[in-house]
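Quick note: the sequence shown, position 59, residue 59 per the UniProt record's numbering, numbers continuous.
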Amino acid sequence: MSILSSARLRLVPMNDSHFDGLFAMNSDPAVMRYITGKPDTPADTQAMIERVKARWLDCGYSWWSFFELDSEQIIGAGCIQHLGRDAANPLEIGWRLRQDKWGQGYASEAAECMASFAFDTLKTDLLCAVCQPENLGSAHVMKKLGMHYKGLERWYEMEVAVYQMTGSDWASRAQAECVGPISAA
């Protein structure tokens, strides 16, 4: 399991010790507005952690918790997983942040690290991202990452905007200052 690092963040594979920080974030209705439409219960967050731990073992990638280096607090989470959670589909990148950390560049910083992991470590040829069309913040991060709008499709039981980038797109852009994987657990 790979730990990734950037200038302000350490991305650690999600585990049981992250429950409190993840639940604090996932129980915020504003954070979950475009993800599930409702705040997590403690059982929801624990079930997520269990699914993620199994995926790390099965796939070698899944969800990371984002630790802010200055505070050592969990301020977000993000993933590399298969779109629709089906290995027949391309890899997907996704993220969420605590509301008090929105608009500070943390999502873009984490997305750069995760995309680097997907392209440089996993050697994927295509990386996708989805968001509800109204989620302008996430769409902005996708565009800033270098992703291109593909269109509207149905994923995760909702109509979403799909963005994507190829390995060639990634190789042709300025690379992030991301270190990783820095450690294997």
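For each residue, glycine too, the CB sits at the ideal point set by N, CA and C. As the structure is a prediction and not an experimental result, all values here were calculated from the model.
DSSP on residue i, reduced to helix/strand/coil?
{"i": "LYS38", "result": "coil"}
{"i": "HIS133", "result": "The question names His, yet the displayed sequence has Pro at residue 133. PRO133: coil per DSSP, three-state reduction."}
{"i": "GLU157", "result": "coil"}
{"i": "ALA88", "result": "coil"}
{"i": "THR124", "result": "coil"}
{"i": "ARG96", "result": "strand"}
{"i": "TRP63", "result": "strand"}
{"i": "MET32", "result": "helix"}
{"i": "PHE19", "result": "helix"}
{"i": "SER108", "result": "helix"}
{"i": "GLU68", "result": "strand"}
{"i": "GLN81", "result": "strand"}
{"i": "ARG8", "result": "coil"}
{"i": "MET14", "result": "coil"}
{"i": "SER138", "result": "helix"}
Measure the C-alpha to C-alpha separation of residue i and residue j and round it to an integer number of angstroms.
{"i": "VAL31", "j": "ASP70", "result": "22 Å"}
{"i": "ASP40", "j": "PRO29", "result": "8 Å"}
{"i": "ARG55", "j": "MET114", "result": "16 Å"}
{"i": "GLU112", "j": "PRO13", "result": "16 Å"}
{"i": "TYR106", "j": "TRP64", "result": "14 Å"}
{"i": "GLN132", "j": "MET142", "result": "12 Å"}
{"i": "GLU68", "j": "VAL162", "result": "28 Å"}
{"i": "ALA171", "j": "LYS144", "result": "15 Å"}
{"i": "HIS98", "j": "ASP58", "result": "In the sequence as presented, His is not what sits at residue 98; that position holds Arg. Using only the alpha carbons, I get a separation of about 28 Å."}
{"i": "VAL135", "j": "VAL160", "result": "Here the sequence assigns Asn to residue 135, which means Val is not the residue at that position. Going from the Cα of ASN135 to the Cα of VAL160 covers about 10 Å."}
{"i": "GLU153", "j": "THR45", "result": "27 Å"}
{"i": "GLN164", "j": "LEU83", "result": "11 Å"}
Here's the rule: buried if 16 or more other CB atoms are within 10 angstroms of the residue's CB, otherwise exposed. What is residue i?
{"i": "GLU109", "result": "buried"}
{"i": "SER168", "result": "exposed"}
{"i": "GLY151", "result": "exposed"}
{"i": "TYR61", "result": "buried"}
{"i": "MET147", "result": "buried"}
{"i": "ALA184", "result": "At ALA184 the pLDDT is 44, less than 50, meaning the model places this residue with poor confidence and gives no usable figure here."}
ask   = For the 8 Å Cβ check, are there 3 or more pairs between the segment 88-106 and the segment 119-134?
value = yes
Discussion item. Does the contact criterion of 3 or more C-beta pairs under 8 Å hold for the segment 70-81 versus the segment 6-23?
Written reply: yes
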